[in-house]
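Residue numbers (the working numbering): 211 to 588. Presented below is the structure to which this report refers.
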Amino acid sequence: MTSDPKKSKIRAKFRKNHQPRARKGDLTRDYEEHGFDEEATTYTERISGKGDLTRHKTIIGDHADENTSGFAVHLHVDEEHCLAGRVLSVHGLASVVETEDGQRFQCATRQLLKSLSTDQRHVVAAGDRVLFRAENETEGLIERIEPRHGVLSRTSKGRQHVIVTNVDQLLIVVSAAEPTLKPNLIDRFLITAEKAGIRAVICINKIDLVDPADFQPLIGVYGQMGYQVELVSAETGFGIESLKQRLEGMETVLAGQSGVGKSTILNQVEPGLDLRVNEVSSDNQKGRHTTTAAVLLPLSIGGYVVDTPGIRQLELWDVIPEEVAGYFRDLRPYINHCRFPDCTHTHETLCAVKDAVADGLLDTRRYDSYCQLITPEG
Ligand code: GDP
Ligand code: ZN
Numbered sequence: 211m212t213s214d215p216k217k218s219k220i221r222a223k224f225r226k227n228h229q230p231r232a233r234k235g236d237l238t239r240d241y242e243e244h245g246f247d248e249e250a251t252t253y254t255e256r257i258s259g260k261g262d263l264t265r266h267k268t269i270i271g272d273h274a275d276e277n278t279s280g281f282a283v284h285l286h287v288d289e290e291h292c293l294a295g296r297v298l299s300v301h302g303l304a305s306v307v308e309t310e311d312g313q314r315f316q317c318a319t320r321q322l323l324k325s326l327s328t329d330q331r332h333v334v335a336a337g338d339r340v341l342f343r344a345e346n347e348t349e350g351l352i353e354r355i356e357p358r359h360g361v362l363s364r365t366s367k368g369r370q371h372v373i374v375t376n377v378d379q380l381l382i383v384v385s386a387a388e389p390t391l392k393p394n395l396i397d398r399f400l401i402t403a404e405k406a407g408i409r410a411v412i413c414i415n416k417i418d419l420v421d422p423a424d425f426q427p428l429i430g431v432y433g434q435m436g437y438q439v440e441l442v443s444a445e446t447g448f449g450i451e452s453l454k455q456r457l458e459g460m461e462t463v464l465a466g467q468s469g470v471g472k473s474t475i476l477n478q479v480e481p482g483l484d485l486r487v488n489e490v491s492s493d494n495q496k497g498r499h500t501t502t503a504a505v506l507l508p509l510s511i512g513g514y515v516v517d518t519p520g521i522r523q524l525e526l527w528d529v530i531p532e533e534v535a536g537y538f539r540d541l542r543p544y545i546n547h548c549r550f551p552d553c554t555h556t557h558e559t560l561c562a563v564k565d566a567v568a569d570g571l572l573d574t575r576r577y578d579s580y581c582q583l584i585t586p587e588g
């Protein structure tokens with residue numbers, strides 16, 4: 211690899227199940243249109259029909275961090291002929307991409323991207339920022355996926371399944387009553403946010419049903435750790451303006467158990483939202499995974515909310531017990547002072563975390579929540 215970060219020829223390993231392109235003549239067109247290196251053309255012709263185990267080809271791009279981008283390579287594409295957009299949803303091989311001015315395109319993904327992907331099943335994910343080539347007013351071809359941040363994923367059968375990318379924050383919705391507030395559930399969602407490296411905002415809804423003063427101690431505990439807490443009533447509209455300011459220009463994932471008022475809140479924030487949800491899905495043939503796949507809902511104030519049944523329950527529990535304390539912002543400062551490096555902070559003597567609880571430096575309820583979370587049923 212040359213030292214010029216702008217344009218480098220790099221050797222990229224291709225998946226062994228890479229399929230040669232079906233249509234002849236595309237290779238030359240690719241080269242002319244996209245400026246791929248000549249060697250790429252030669253290479254692709256050479257491999258067609260052969261069953262090599264590993265293949266390499268030279269393409270133009272930069273090495274990228276596979277862990278955050280899902281790609282080993284950041285491709286150089288002809289940016290002048292491409293449009294920038296955001297992937298609102300993915301249905302099988304087709305992605306709904308929205309440009310900044312609100313135009314929507316059904317996009318396929320170019321083969322080269324699929325070949326370079328570290329997980330071919332999920333080359334493109336909801337939330338991705340992409341460069342695509344418009345083929346007509348409604349269809350296009352995704353040429354490049356920009357590096358990702360804030361990836362929410364889960365591991366199933368040993369493979370990482372990306373649910374949504376470029377998430378700025380997780381809005382943890384709970385209700386002050388009906389159903390009763392479960393602080394442990396907040397703690398659990400906070401771990402997800404900490405692990406993904408995204409901001410968490412705690413939203414306590416149905417505040418009209420209680421005396422807000424009763425919640426001050428809880429708000430204090432989270433506030434001290436640096437988490438933002440919003441008190442709202444989707445019923446009366448209380449706190450909705452403040453919440454809107456939090457959502458403005460952000461990609462926000464909503465999490466929270468059923469019945470806490472997520473739909474009601476969203477309708478307060480954006481009354482036309484339901485209509486738009488339908489628009490997105492009617493553009494597409496309904497795939498098997500439509501109900502669990504993430505869908506970005508654009509807000510008229512700018513930004514997106516991601517609200518899907520699959521994400522609501524947030525079955526993203528890939529955290530191992532040993533990691534949990536590190537994701538508890540209040541416990542974290544103490545864990546390096548324990549006598550044993552593999553201290554679980556439960557039964558051990560000479561545990562700095564337990565000392566902190568005994569000294570009143572740590573909130574007892576948070577500590578109990580930690581203990582519950584690291585047990586197998588937690
Ligand atoms: P979701 O399952 O989280 O989407 O919850 P919904 O939005 O469907 O709301 C569940 C129930 O709570 C509905 O009957 C709503 O009318 C009610 N609800 C939602 N927000 C509030 C609120 O702020 N105050 C009160 N009293 N009820 C609310
Ligand atoms: Zn300890």
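Yeah, the Cβ is synthetic: ideal placement off N, Cα and C, and Gly gets one too. For clarity, every value in this text was computed on a predicted model and none was experimentally measured.
Taking the C-beta atoms as reference points, Arg339 is found nearer than 8 Å to Asn376. Cβ atoms of Gln370 and Ala410 stay farther apart than 8 Å, at about 22 Å.
DSSP, read as helix, strand or coil, puts Tyr514 in strand. Ile412 sits away from Ala386, with the two beta carbons spaced by 8 Å or more.
Residue range Leu362 to Ser366 is occupied by the beta strand (DSSP E) that includes Thr365.
Taking Val515 as the centre and dropping the five residues before and after it, the same chain places the C-beta of Leu457, Thr462, Leu464, Leu476, Leu507 and Leu509 closer than 7 Å to its C-beta, in chain order.
For His555, the CB falls within less than 7 Å of some heavy atom of the ligand ZN.
At least one heavy atom of the ligand GDP sits closer than 7 Å to the Cβ of Val470.
Per the Cβ contact rule, the region 430–439 is not in contact with the region 346–355 (fewer than 3 Cβ pairs under 8 Å). Annotation for Thr474: no beta strand (DSSP E) segment contains it, though the alpha helix (DSSP H) segment containing it runs Lys472 to Val479. Counting the other Cβ atoms within 10 Å of the Cβ of Asp424 gives fewer than 16, which makes it exposed.
The region 573–585 and the region 436–443 do not touch, with fewer than 3 CB-CB distances between them shorter than 8 Å. Between the ligand GDP and Lys416, a heavy atom-to-CB distance of less than 7 Å is present.
Counting only runs that start and end inside the region 293–332, the beta strand (DSSP E) elements of at least 3 residues fall at 293–301, 304–309 and 314–319.
Between the beta-carbon of Thr309 and that of Leu293 there is about 5 Å, and that keeps the pair under the 8 Å contact cut.
In this structure Ala562 is in contact with Tyr544, their Cβ atoms being roughly 4 Å apart against a cut-off of 8 Å. Between the C-alpha atoms of Ser366 and Asp528 there is a straight-line separation of about 9 Å. Taking all protein chains in view, the Cβ of Asn415 is crowded by 16 or more other Cβ atoms within 10 Å, so the residue is classified as buried. Every unbroken stretch of the alpha helix (DSSP H) spanning 4 or more residues and falling wholly within the region 363–430 is given here in chain order: 393–406. Ala406 has its alpha-carbon roughly 27 Å from the corresponding atom of Pro427. As DSSP reads the structure, Met435 sits in no beta bridge. A distance of 8 Å or more separates the beta carbons of Ala336 and Leu303. Closer than 7 Å to some heavy atom of the ligand ZN: that describes the Cβ of Ala562.
Nearest to Asp288 by C-alpha distance, out of Ile373, Arg539, Gly466 and Arg343, is Arg343. Take the alpha-carbon of His286 and the one of Gly360: they are about 23 Å apart.
With contacts defined as CB atoms closer than 8 Å, Val383 and Val470 qualify as a contacting pair. When the five nearest sequence neighbours on each side are left out, the beta carbons in the same chain lying within less than 7 Å of the beta carbon of Val534 are those of Ile401, Tyr580, Leu583 and Ile584, in order along the chain.
Buried is the label assigned to Ala503, since at least 16 other Cβ atoms lie within 10 Å of its Cβ.
Closer than 7 Å to some heavy atom of the ligand GDP: that describes the Cβ of Ser443. In this structure, the beta-carbon distance from Leu541 to Leu560 does not fall below 8 Å. As DSSP reads the structure, Leu507 sits in a beta bridge with Val515. In this chain, the beta strand (DSSP E) harbouring Ala344 covers Arg339 to Ala344. Annotated three-state conformation of Thr462 is strand, per DSSP.
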